[in-house]
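J.:
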Amino acid sequence: MQPWPGTEEEALAVQDSLRSRVVHSAGPEAPTTVAGLDVAYAEGDDRLAAAVVVLRVADLTVVDTAVVRGRPAFPYVPGLFAFREVPALLEALGRLTVPPEVLICDGHGLAHPRRFGLAAHLGVLTDLPAFGVGKTRLVGHWDPVGEQRGARSPLVDAGETVGAVLRTQAGVKPVFVSVGHRIGLDRACALTLALAPRFRLPETTRAADRACRDLLR
DNA sequence: GCGACAG
DNA sequence: ATCTTGTCGC
């Protein structure tokens, strides 16, 4: 990942080029391990910490953790967010001992202006099944989501379904699930629910968030 | 011209 | 992302 875009124009070109490599498929039937990825930023300076935490799906226990320090590789620009965190996340992924079967990212996959958000980007670069679970929307519209856990509504942008707005807990704001690479929306939603038995966000995201926050201090 | 805009 | 007070609930 040496040739990194230095301008928005270059970043857009990279997205256009990599987008064609996205693979649409159902994905692993019953993955044994899944990884949560997240990045935390320091307050004063521009340091960041990127974490990847591998969980065993069966009991949601942590089986591996990798955290690295770094700097943002690109300014924050909605739609080009991946260029900011991908280098640090790839470095952390490379330090894992237990290989994850699915990557779960903090952000979106196809629910992106050009259908190539962070989850799709990481999925293509690693060629691992990957999807995103975002806390807020980037693109798309949806009808009201049922109140009970598991209820979902299609996230639609420009006439196409780009994800799902999924209620992981009754009485809690839903999350935005979107496919990235080599996995289908139904399986991504099912996995998200299985990983969020008690809180709004999946345990993968919570564990990764904790891990990078700890390193920052 | 005025909003919207992952983290 | 991070800042930021109180508040409700277990």
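According to my numbering, the first sequence holds residues 122 to 338 in order. Just so you know, even glycine gets a beta-carbon here, dropped at the ideal spot from N, CA and C.
DSSP three-state call for Arg190: helix, strand or coil?
T.: It is a strand residue.
J.: Restricting to runs no shorter than 4 residues, where is the alpha helix (DSSP H) found entirely within the stretch 122-209?
T.: Segments of the alpha helix (DSSP H) lying fully in the stretch 122-209: 129-139.
J.: Buried or exposed for Pro323, going by 16 or more other Cβ atoms inside 10 Å?
T.: Looking at its Cβ environment, which holds 16 or more other Cβ atoms inside 10 Å, Pro323 is buried.
J.: Looking at C-beta atoms only, is the number of pairs between the stretch 266-278 and the stretch 218-228 that lie closer than 8 Å three or more?
T.: Result no; under three Cβ-Cβ pairs closer than 8 Å.
J.: Any idea if Ser299 is buried or exposed, counting beta-carbon neighbours within 10 angstroms, 16 or more meaning buried?
T.: Per the 10 Å Cβ criterion, buried.
J.: For a minimum of 4 consecutive residues, which ranges assigned as the alpha helix (DSSP H) are wholly contained in the stretch 238-299?
T.: List check, alpha helix (DSSP H) in window: 239-247.
J.: Counting pairs of Cβ atoms below 8 Å between the stretch 126-145 and the stretch 241-252, do you hit three or more?
T.: Short answer: they touch.
J.: Assuming Ala132 and Leu337 make a contact with CB atoms under 8 Å, what is their CB distance in whole Å?
T.: The pair is not a contact, with the Cβ atoms about 26 Å apart (cut-off 8 Å).
J.: Mapping DSSP to helix, strand and coil, what is Gly305?
T.: It is coil, neither helix nor strand.
J.: Is there contact here, the stretch 252-267 with the stretch 308-326, by at least three beta-carbon pairs under 8 Å?
T.: With the cut-off at 8 Å, the stretch 252-267 and the stretch 308-326 touch.
J.: Anyone know if the C-beta pair for Ala329 and Asp159 falls short of 7 Å?
T.: Cβ atoms of Ala329 and Asp159: closer than 7 Å.
J.: Give me the Cβ distance between Ala147 and Arg308, rounded to the nearest whole Å; I'm assuming they're in contact under 8 Å.
T.: About 6 Å; that satisfies the 8 Å criterion.
J.: How about Pro208 and Ala194: do their beta carbons lie closer than 7 Å?
T.: In this structure, Ala194 lies closer than 7 Å to Pro208 by Cβ.
J.: Of the residues Arg235, Thr154, Arg190, Trp125, which one's Cα is nearest the Cα of Val143?
T.: Of Arg235, Thr154, Arg190, Trp125, the residue nearest in Cα terms is Arg235.
J.: Do Val283 and Gly261 have their CB atoms nearer than 7 Å?
T.: Yes, they are a contact pair.
J.: Just to confirm my understanding: we take Asp264, look at its own chain, exclude 5 residues before and 5 after, and list those with CB closer than 7 Å. What are they?
T.: Once the five neighbours on either side are set aside, the close Cβ partners of Asp264 are Ser274.
J.: Which stretch, first to last residue, makes up the alpha helix (DSSP H) that contains Leu336?
T.: Here the alpha helix (DSSP H) through Leu336 covers 324-337.
J.: In the DSSP assignment, the beta strand (DSSP E) including Leu224 goes from what residue to what residue?
T.: 223-227 is the extent of the beta strand (DSSP E) around Leu224.
J.: Could you tell me which of Thr218, Arg190, Val178, Gly238 sits nearest to Phe204, measuring between CA atoms?
T.: That would be Gly238, whose Cα lies nearest to the Cα of Phe204.
J.: Going straight from the alpha carbon of Cys226 to that of Thr247, what length do you get?
T.: Rounded to whole angstroms, Cys226 to Thr247 spans 13 Å at the Cα level.
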